[in-house]
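Protein sequence lines, in the order shown, are assigned to chains A and B.
Position one of the first sequence corresponds to residue 76 (our numbering), numbered consecutively onward.
Position one of the second sequence corresponds to residue 55 (our numbering), numbered consecutively onward.
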Amino acid sequence: TQLLEQSPQFLSIQEGENLTVYCNSSSVFSSLQWYRQEPGEGPVLLVTVVTGGEVKKLKRLTFQFGDARKDSSLHITAAQPGDTGLYLCAGEPAGANSKLTFGKGITLSVRP
Amino acid sequence: NAGVMQNPRHLVRRRGQEARLRCSPMKGHSHVYWYRQLPEEGLKFMVYLQKENIIDESGMPKERFSAEFPKEGPSILRIQQVVRGDSAAYFCASSPTTGASYEQYFGPGTRLTVT
């Protein structure tokens with residue numbers, strides 16, 4: 076069973092601070108997605124990375140896929156209260172047929 | 055372009071009743087996935103379907119749970135004789151027919167409460 080470990084589990088920061096959170100596994104993934112989920116809603120896809128070492132930017136969010144395609148990081152610059160939410164990483168295991176494995180998520184709270 | 059639609063958003067059932075959850079994928083998507091999310095746990099894969107075919111049901115409990123995606127109409131996740139442990143949020147996702155099939159887009163979920 077491929078597991079995705081996300082850290083830290085909880086993070087509370089002040090508006091304007093920078094942060095980096097992680098998604099780690101001992102398994103290789105064909106692709107990795109980051110989602111954000113608000114209470115009572117479904118996960119919203121933020122980004123997909125597929126190539127080892129790939130970096131993608133989405134406004135103040137920077138996503139990186141590890142060279143070995145086993146881990147990923149999400150960096151947020153100058154966090155804002157609107158960034159508050161649950162951040163989930165999900166991976167498609169190598170050789171699997173689109174079945175995503177999810178981490179338990181990182182609960183981010185940005186204080187005004 | 056409408057997103058993935060799920061209904062009902064909230065469903066309350068007594069123990070022993072049946073629950074039917076519906077999912078309409080995004081336009082142009084023919085792959086449908088069902089996931090379950092329990093409190094304090096991550097999303098767990100249940101089943102992957104294409105039109106009229108179950109591709110992977112390795113995450114489905116062996117009893118009481120079934121899923122279908124007919125040629126016409128929404129995908130249905132059916133839970134027979136519900137028990138309290140079935141209380142959870144059930145999410146449906148869809149992905150494109152061609153291209154980036156690994157990019158899954160989620161619906162708002164159905165929150166099932168078994169009393």
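Glycine is no exception: its CB is placed at the ideal position from the N, C-alpha and C atoms.
Query	Result
Glu-157/B versus chain A: which residues are under 9 angstroms apart at the beta carbon?	Ser-106, Gln-108, Leu-120, Thr-123
Under 8 angstroms, with one C-beta from each stretch per pair, do the region 75-90 of chain B and the region 98-117 of chain B reach the 3-pair mark?	yes
Quick one: give me the first and last residue of the beta strand (DSSP E) that Met-1/B is part of.	This structure gives no information on residue 1/B, because the portion of chain B shown stretches from 55 to 169.
Within 8 angstroms of any Cβ in chain B, is that where the Cβ of Leu-86/A sits?	no
Measuring CB to CB, does Ser-100/A end up less than 8 angstroms from Lys-145/A?	yes
Going by other Cβ atoms of all chains shown within 10 Å of its Cβ, with 16 needed for buried, is Asp-142/A buried or exposed?	exposed
Run through DSSP, which three-state label would Gly-166/A get?	strand
For Phe-123/B, which residues in chain A fall below 7 angstroms Cβ to Cβ?	Neighbours of Phe-123/B on chain A: none; closest Cβ ~14 angstroms, over 7 angstroms.
Considering only residues of the same chain and omitting the five flanking positions on each side of Ser-148/A, which have a CB-CB separation below 6 angstroms?	Thr-95, Tyr-97, Gln-139
Would you list the one or two residues that DSSP bridges to Tyr-89/B?	Phe-99/B, Phe-145/B
What does the alpha-carbon distance come out to for the pair Gly-91/A and Glu-111/B?	45 angstroms
Check whether chain B comes within 8 angstroms of Gly-117/A, counting only Cβ atoms and requiring the distance to be less than that.	yes
From Gly-163/B to Val-125/A, what does the alpha carbon distance come to, in whole angstroms?	27 angstroms
What distance in whole Å lies between the Cβ atoms of His-64/B and Ser-26/B, which are believed to be in contact at a cut-off of 8 angstroms?	Here chain B covers residues 55 to 169 and nothing more, so residue 26/B does not appear.
So if I threshold CB-CB distances at 7 angstroms, which residues from the region 86-108 of chain B count as touching chain A?	Glu-95, Gly-96, Leu-97, Phe-99, Tyr-102
List the residues of chain C that Lys-131/A touches, going by C-beta distances under 9 angstroms, in chain order.	This model lacks chain C altogether; the protein chains it does include are A and B.
Under a CB-based cut-off of 8 angstroms, is Gly-160/A close to chain B?	no
Label Phe-85/A either buried or exposed according to how many other C-beta atoms from any shown protein chain fall within 10 Å of its C-beta, with 16 as the threshold for buried.	exposed
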